[in-house]
Amino acid sequence: MSDLLLGGEPEVSASAPRRGVARRFVRNPLAMTAAIVLTLIVLVAVFAEVIAPGSPTYARLDMVNAPPGGEYLLGGDGAGRDVLSRLIYAARLTLIGATITVVVALVLGVTSGLVAGYYAGWFDNIAGWAANLLIVLPGTIVLVSFFAVIGPNIFVSMAVLGVLFAPNFFRLVRNQVIAVKNELYVDAARVSGLRDARIISRHILFVVRAPIIILSAAIAGAAIVVQAGLEFIGLGDPATPTWGGMLQDAFANMYTGRHLLLPAGLAIGVTVACFILIANGIRDALEGDEARPVRRPPPRDADEHAPIPASAADNGALLTVRGLAVEYVASHGPSKEVVHGVDLCVNRGEIVGLVGESGSGKTQIALSVLGLLPAGGSTPRGHVWLHGIDLLTQSSRSMRQVLGSTIGYIPQEPMSNLDPSFKIGDQLIGPMRRVLKIPTEAARLRAIALLERAGIVDPPRVMSSYPHQISGGMAQRVLIAGAISCDPALLIADEPTTALDVTVQAEILDLIRELQRERQLGVLLVTHNFGVVADVCDRVAVMKEGRIVEDRSVLDIFSDPRDPYTKMLLSSTVEGAPLRDPLGS
Amino acid sequence: MLVFLTRRTLAAVLLLIAITGLAFALIYSSGGNIARNILGELATQEQIEALTAKLGLDRPLLVQYLDWLGSAVTGDLGVSYFTATPVLSSLATRLPVTLSLVIVSIVLSTLIGVLLGVAAAVQRGWLDRFIQIFSVVAESLPNFWVGLALVSVFAIGLGMFPATGYIPINQSVSGWVSTITLPVAALVIGSIASAAQQIRSAVLDVLKKDYVRTLRARGLPEQVIIFRNVLRNAAPPAVTVVSLQFIGMLSGAVLIERVFALPGLGSLAVNAAILGDIPVIMGVLVVTAIIVVIINLIVDLAITWINPKARVQ
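As you go down the protein sequences, you meet chains D and U in turn. Each residue of the first sequence is one higher than the one before, starting from 266 at the first, in our numbering. Each residue of the second sequence is one higher than the one before, starting from 112 at the first, in our numbering.
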């Protein structure tokens, strides 16, 4: 049912760090408090006879709607019964009801989910269909209708509610089983002759146990709210004290006993909040530290650092990077630095390759120049001058202006870098209208010309296509057209050919080279491929573990590599095949 | 498109038949109890049998259902066991009340939820934390209790609104507003929190996408990216959330109508359930099922319209 579980299915990733989940949960003060409060509530429910000051059903006429603070600590209800005692006894029924719902949902949902996911076939179809049906039914209306058949038996109602909640478990378990079923270790278990039941219990239930606990807590909370609602509208058992029933009484005595509203309402609220906080606590513990909000550091002030050396701004370079460091907020403790102060420059009309193995920090440099480091990343030291302006000190608004008009960006993965919801034409025209301030029609004509220049055969057709309707090579051409659409002086290309077929790779590189010559662009080309470097670059900077170890012309590097790391990289290129002559002869 | 529509409509009709069939089977399988409920505890066995036969409850379940379905298709949902009014006409007077409550609520909660959710995803910081806390509190308090608290403070305490009752919009607009404000507030508080949470996480998901970085690199202003590209891509999950909330509000309305004595579908269902007035219950279930089916159909269409990949070529 859909009423209260909009939180949806908790996401599971098999790779989530599992060790330390319990420790992280215990360290979360909110979740721990909730766990303690909930334990207290359970204890109160179990030992109600000992704790309650009186009988929950004994009515005294002189205590009808008595205000709190007198003989009855929380006052008397509409029938002259002790509110506190009723509150304590009601916890019992509420918790039993919630348990029934969770157990029914758990047993039904997990079993059917396991069977449907593991054996698939007709059972999967039918169960999936039933789950889709149950999940859209408005729960309270179903329960109200059932009341006509089952009468005032709250436990049966709660069991029916469990059936309505079962699809949540079903979907969770089924999807997880399907995800895990074809993992190698499950195959291995199957080959080694383990029976299905054992595979399911050993490998599959183990993976989903935490999400199941999260979902159980969420359902327990939702069940308490539904139960209180049923009792409130008079569909409960009037003979036993319940929180919902107490609110019904408060409603009936709205004008004379306003003190009746708070105790039961708070009892429900606190109990449900405990379940929700416990669920959130486990989820956060599972997600590890990703869940922590990350604050974007403000742009650094240019003044707090050394004054810009005049030479840096005036040495004729288009882009000058000096002493740049990049760091990321680490899970615990100090931030982790991934780039340790690098120097780099790109002149007009020059293609500079930035080479290194993955993780060496080359993409971090490219993204720092763009001012588009992902959340958690920052540039604590260094300068990035473009035309003599330090980009690292710009506000995000003025940085945006630089980006559109002066720097063009060609990303690595063409398909994921086009917005799937908009036509390609829209994606080209939008930035041109904003940055170049030209009317739509002019931008459209320009987009067609750009696409044609980028080697697209039928530009108008591509303009009216969505990204999923074109090939990866075409998408990369579109992105290159986009990158040069506002006449930048500098192109930053982050592994522009890595995701493409080998034949397309060469064409794309040729295109970049041609455009660079035509427009006298400076290009910073990030790649891990020395073949690409040999093909198009004028100069190359070799990166290793966040540092630049060698920065020389391509000719020099290929003929006389100095750094041992460069030598190692060169010797491992293309499985020992001879390199293409860097002279391009 | 036409094929798609026809297929979806057919599926919707099948779903309707399945829901009503299931409900019918569960409710009518207790044949004898129905007559006993009507006649009361003191009725003799003969009286019960006579009434069971008179109402046709002694026939096989399938025959009863086909009979009911046949009349239902022509718009005849039977008459109430107790008041002898046709079920369809009581539904017709009750439905507008519930729908006006739920529709006003869903529009408000969607608007505010989207704004809060987007703001929380973009700004993070204190607003994000506030929404997290707000949603735990709002999820923990039953909406009918919020309704009771609102009545206690604003109607009884401050006298700003009538505590109970309903004035149709065609009688007096200001009267309608005054009678519907507190119920809407009670219904909306929880769903705003949950809508904001869901929209927040949908927006955060989209903000992580590569194409958002590329759009930023193209020099587009952040507001344009957020309100054009990010919202458009976050829309499909958001539409699903809103549709589930709409259905959830139908449930919530049952309790809220009780608190504010609104003559809606929910109070009709509760009274019928307590009396054992089966035809009315079935009527309420049919209307609810139709609403659910229509909502799902709209969601399917909306998602197809929003997401070009789902569009039929």
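We put the beta carbon where it would ideally sit given N, CA and C, even for glycine.
query	result
Any beta carbon from chain U within less than 9 angstroms of N682 of chain D's own beta carbon?	yes
With distance defined between alpha-carbon atoms, name the residue in D:S736, D:S729, D:G546, D:V451 nearest to A296 of chain D.	D:G546
Using a 10 Å radius around the Cβ and a threshold of 16 neighbouring Cβ atoms, would you call Y520 of chain D buried or exposed?	exposed
Against S670 of chain D, what residues of chain U qualify as contacts under a CB-to-CB distance less than 8 angstroms, listed in chain order?	G330
Tell me whether L389 of chain U sits in a helix, a strand or coil according to DSSP, three-state version.	With the sequence shown as reference, residue 389 of chain U is identified as Ile, and Leu is not the correct amino acid for it. The answer is helix: DSSP assigns I389 of chain U an H, G or I state.
DSSP three-state label for S818 of chain D, please.	strand
Just checking my contact of V369 of chain D with V307 of chain D at CB under 8 angstroms: how many whole Å lie between their CB atoms?	About 20 angstroms separates the two Cβ atoms, so there is no contact after all.
Output the residue ranges of the beta strand (DSSP E) runs that lie fully inside the segment 745–832 of chain D and measure 3 residues or longer, sorted by chain position.	755–759, 787–792, 804–809, 812–818
Tell me, please, which residues DSSP counts as bridged to V620 of chain D.	D:T792, D:V807
For the segment 509–516 of chain D against the segment 449–467 of chain D, are there 3 or more C-beta pairs whose distance is under 8 angstroms?	no
Between the segment 745–765 of chain D and chain U, which residues of the former have a C-beta closer than 9 angstroms to a C-beta of the latter?	G747, A748, S750, C751, I757
Note down the Cα distance separating L199 of chain U from D187 of chain U, rounded to an integer number of angstroms.	7 angstroms
With DSSP as the reference, please indicate the residues paired to A590 of chain D in a beta bridge.	D:H605, D:R646
Quick check on the burial criterion: 16 or more other C-beta atoms within 10 angstroms. Buried or exposed for V315 of chain D?	exposed
Can you name the residues of chain D whose CB is closer than 7 angstroms to the CB of D321 of chain U?	P676, E678, S681, N682
So I267 of chain U contacts chain D; which residues on that side make the cut at Cβ distance below 9 angstroms?	M519, Y520, R523
Could you give the DSSP three-state label for G673 of chain D: helix, strand or coil?	strand
Using the C-alpha atoms, what's the distance from A400 of chain U back to E681 of chain D?	One point to set straight first is that residue 681 of chain D is Ser, not Glu, in the sequence displayed. About 40 angstroms.
Whole beta strand (DSSP E) runs in the segment 671–749 of chain D with 3 or more residues, listed along the chain?	672–675
Which residues in chain D have a C-beta closer than 7 angstroms to the C-beta of F255 of chain U? List them in chain order.	G494, F497
Does N447 of chain D pass the burial test, meaning 16 or more other C-beta atoms within 10 Å, or should it be called exposed?	exposed
Which residues in chain U sit within 7 angstroms of Q770 of chain D, going by Cβ to Cβ distance?	Correct list: empty, because the minimum Cβ distance to chain U is about 19 angstroms.
Should Y731 of chain D go down as buried or exposed, given a rule of 16 or more other Cβ atoms within 10 Å for buried?	buried
Comparing C-alpha positions only, which one of U:R339, U:V299, U:I300 sits nearest to L318 of chain U?	U:R339
Which word fits L789 of chain D, buried or exposed, when buried means at least 16 other C-beta atoms lie within 10 angstroms of its C-beta?	buried
Against chain U, does Q666 of chain D count as a neighbour if the rule is that its beta carbon must be under 9 angstroms from one of theirs?	yes
List the residues that DSSP assigns as beta-bridge partners of D655 of chain D.	D:W650
Under DSSP, the alpha helix (DSSP H) around Y139 of chain U begins and ends at which residues?	113–139
Using 9 angstroms as the limit for Cβ to Cβ distance, is S350 of chain D near chain U?	no
How many angstroms separate the CA atom of L495 of chain D from the CA atom of N148 of chain U?	20 angstroms
Strictly under 9 angstroms for the Cβ-Cβ distance: is H248 of chain D near chain U by that measure?	Nothing can be reported for residue 248 of chain D, as the shown portion of chain D is limited to 266 through 850.
List, in chain order, every chain U residue whose beta-carbon is nearer than 9 angstroms to that of G393 of chain D.	Going along chain U, no residue has its Cβ under 9 angstroms from G393 of chain D, so there is no contact; the nearest lies around 14 angstroms.
Name the residues in the segment 809–829 of chain D whose C-beta lies less than 7 angstroms from a C-beta of chain U; which are they?	none
Taking just the CA atoms, how far does S182 of chain U sit from L500 of chain D?	30 angstroms
Using a Cβ-Cβ cutoff of 9 angstroms, what residues of the segment 376–390 of chain U are near chain D? List them in chain order.	L376, G377, S378, A380, V381, A383, A384, I385, L386, G387, D388, I389
If you draw a straight line from the C-alpha of P564 of chain D to the C-alpha of L835 of chain D, how long is it?	Residue confidence for P564 of chain D is low, a pLDDT of 49 falling below 50, so the modelled location carries little weight and cannot support an answer.
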